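In the numbering used here, the protein residues as written are 521 to 892. For every residue, glycine included, the Cβ atom is placed at its ideal position computed from N, Cα and C. The model shown is predicted, which means the values in this text are computed figures rather than measured ones.
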């Protein structure tokens with residue numbers, strides 16, 4: 521018998537997150553292992569009156585492409601994704617595969633070239649998300665591989681995934697509206713500020729956010745959600761940041777990441793493990809050495825690192841920054857074929873100042889400050 525929470529998730533993605541309406545062109549994509557999720561989402565989208573097209577991908581196929589393609593082949597554009605995103609009003613996608621280590625032995629340069637090859641559809645996605653002509657939401661389908669990566673059984677991982685999305689509640693949408701109202705306090709406070717300063721172990725970095733808009737992430741883009749973010753001023757970041765948790769890129773792990781930044785540009789990047797991939801990613805294109813996002817995680821129902829950034833970046837008490845593509849809806853101007861998040865724990869002595877005022881400490885907003 522199908523897990524009823526999967527149908528709840530599908531209904532929420534279609535009716536709340538992306539607000540599918542009659543006549544919408546809806547593109548649904550996922551790995552073949554997430555086929556049960558696709559069935560439920562397509563059913564709900566069709567019931568909402570949409571025209572639906574689907575794409576089932578395969579980890580095995582992607583591995584062959586990465587392993588045996590020439591540089592010219594990897595740099596070729598993905599015609600299917602480009603065509604679908606040009607047409608789509610809505611794109612709903614799911615992560616989840618059979619093996620999180622499938623690409624662990626692929627050379628770092630292959631990833632770099634593959635990212636460059638995604639430039640055409642990535643540009644369309646970024647522009648349409650920025651002007652509101654595309655509504656996208658990505659989510660997680662619980663698989664054995666992802667459960668194992670998180671050091672959980674499949675049933676425990678299902679409980680974790682659906683619990684993080686408030687899908688155990690009688691009315692998940694009402695819960696996300698409540699979360700949205702709480703997060704909006706931080707958004708309104710930060711929208712009036714010009715500069716942030718992050719301080720934690722190995723980190724002291726200033727980020728210019730002047731004129732940028734903060735976005736309240738309440739389940740309408742990523743799901744589950746629970747963060748507020750903006751795109752920083754491109755040349756307005758200076759300092760050092762140490763990322764507390766490993767960075768994960770297409771299944772490959774980079775540990776002990778430290779970035780030194782001057783005028784928004786990463787001028788030195790080191791890692792205890794996977795430094796070659798880290799440097800390859802930063803050299804992907806002109807925009808990959810600058811930051812497209814700075815964010816604060818607010819989902820306190822997510823406490824543990826699971827090696828899945830969909831959840832990890834939302835951990836209440838953490839912040840994350842992403843190199844690469846920025847969000848036009850937040851005022852971001854940086855363009856890149858990658859957008860890669862890295863996570864910093866603030867729960868043990870971390871502090872954030874806004875224009876010199878302490879408003880966040882030990883992983884929590886200081887309510888008396890943001891509500892005054």
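Report the option in the options whose CA atom is closest to the CA atom of residue i.
| i | options | result |
| --- | --- | --- |
| residue 661 | 641, 647, 650 and 683 | 683 |
| residue 589 | 565, 614 and 627 | 627 |
| residue 828 | 670, 718, 841 and 697 | 670 |
| residue 532 | 736, 687 and 838 | 687 |
| residue 823 | 577, 605 and 866 | 866 |
| residue 891 | 710, 550 and 559 | 710 |
| residue 798 | 850, 789 and 805 | 789 |
| residue 550 | 525, 559 and 614 | 614 |
| residue 602 | 547, 558, 571 and 579 | 547 |
| residue 718 | 887, 691 and 883 | 883 |
| residue 846 | 787, 566, 643 and 685 | 643 |
| residue 612 | 537, 634, 652 and 877 | 537 |
| residue 692 | 667, 811, 701 and 739 | 739 |
| residue 818 | 800, 833 and 809 | 833 |
| residue 871 | 598, 723 and 629 | 723 |
| residue 571 | 604, 580, 586 and 599 | 604 |
| residue 732 | 852, 579, 795 and 555 | 852 |
| residue 529 | 752, 794 and 562 | 562 |
| residue 621 | 666, 778 and 649 | 666 |
| residue 806 | 523, 877, 600 and 843 | 843 |
| residue 801 | 524, 616 and 629 | 629 |
| residue 526 | 744, 780, 831 and 830 | 744 |
| residue 755 | 734, 877 and 785 | 785 |
| residue 600 | 638, 704 and 676 | 638 |
State yes or no: is the C-beta of residue i nearer than 7 Å to some heavy atom of the ligand FMN?
| i | result |
| --- | --- |
| residue 771 | Questions concerning the ligand FMN fall outside what the structure shown contains, since it holds no ligand whatsoever. |
Identify the residues that DSSP records as bridge partners of residue i: which are they?
| i | result |
| --- | --- |
| residue 841 | 814 and 862 |
| residue 735 | 749 |
| residue 767 | 774 |
| residue 850 | DSSP lists no partner for residue 850. |
| residue 788 | 780 |
| residue 758 | 726 |
| residue 884 | 881 |
| residue 889 | None; residue 889 has no bridge partner. |
| residue 550 | 576 |
| residue 835 | 819 |
| residue 742 | 658 |
| residue 568 | In DSSP, residue 568 forms no bridge with anything. |
| residue 874 | 716 and 877 |
| residue 545 | 571 |
| residue 793 | 775 |
Give the C-beta separation of residue i and residue j to the nearest angstrom, bearing in mind that I take them to be a contact with Cβ-Cβ under 8 Å.
| i | j | result |
| --- | --- | --- |
| residue 699 | residue 658 | Between residue 658 and residue 699 the Cβ distance is about 18 Å, and since that is not below 8 Å, they are no contact. |
| residue 875 | residue 708 | Not quite, the Cβ-Cβ distance comes to about 15 Å (not below 8 Å), so this is no contact. |
| residue 813 | residue 762 | That belief does not hold up - the Cβ atoms of residue 813 and residue 762 are roughly 18 Å apart, past 8 Å. |
| residue 791 | residue 774 | 5 Å |
| residue 545 | residue 608 | 5 Å |
| residue 893 | residue 663 | The question about residue 893 has no answer, for the chain in this structure spans 521 to 892. |
| residue 564 | residue 610 | Wrong, their Cβ atoms sit about 12 Å apart, outside the cutoff. |
| residue 770 | residue 623 | 5 Å |
| residue 757 | residue 726 | 7 Å |
| residue 736 | residue 752 | Not a contact, Cβ separation roughly 17 Å. |
Roughly how many angstroms lie between the CA atoms of residue i and residue j, to the nearest whole one?
| i | j | result |
| --- | --- | --- |
| residue 584 | residue 864 | 34 Å |
| residue 636 | residue 573 | 26 Å |
| residue 568 | residue 542 | 6 Å |
| residue 540 | residue 857 | 28 Å |
| residue 862 | residue 839 | 9 Å |
| residue 760 | residue 782 | 9 Å |
| residue 835 | residue 826 | 10 Å |
| residue 772 | residue 673 | 22 Å |
| residue 702 | residue 776 | 33 Å |
| residue 472 | residue 558 | Not covered by the structure: residue 472. The range shown for the chain is 521 to 892. |
| residue 685 | residue 694 | 12 Å |
| residue 646 | residue 678 | 31 Å |
| residue 633 | residue 859 | 15 Å |
| residue 850 | residue 821 | 26 Å |
| residue 586 | residue 880 | 43 Å |
| residue 854 | residue 742 | 21 Å |
| residue 767 | residue 554 | 24 Å |
| residue 650 | residue 656 | 11 Å |
| residue 566 | residue 556 | 16 Å |
| residue 640 | residue 889 | 43 Å |
| residue 581 | residue 552 | 11 Å |
| residue 560 | residue 596 | 33 Å |
| residue 868 | residue 764 | 11 Å |
| residue 577 | residue 841 | 28 Å |
| residue 848 | residue 750 | 10 Å |
Segments of 3+ residues assigned as beta strand (DSSP E) that fall wholly inside the stretch 598-671:
610-615 and 655-660
Length-filtered (3 minimum) beta strand (DSSP E) runs lying within the stretch 682-738
715-720, 723-728 and 735-737
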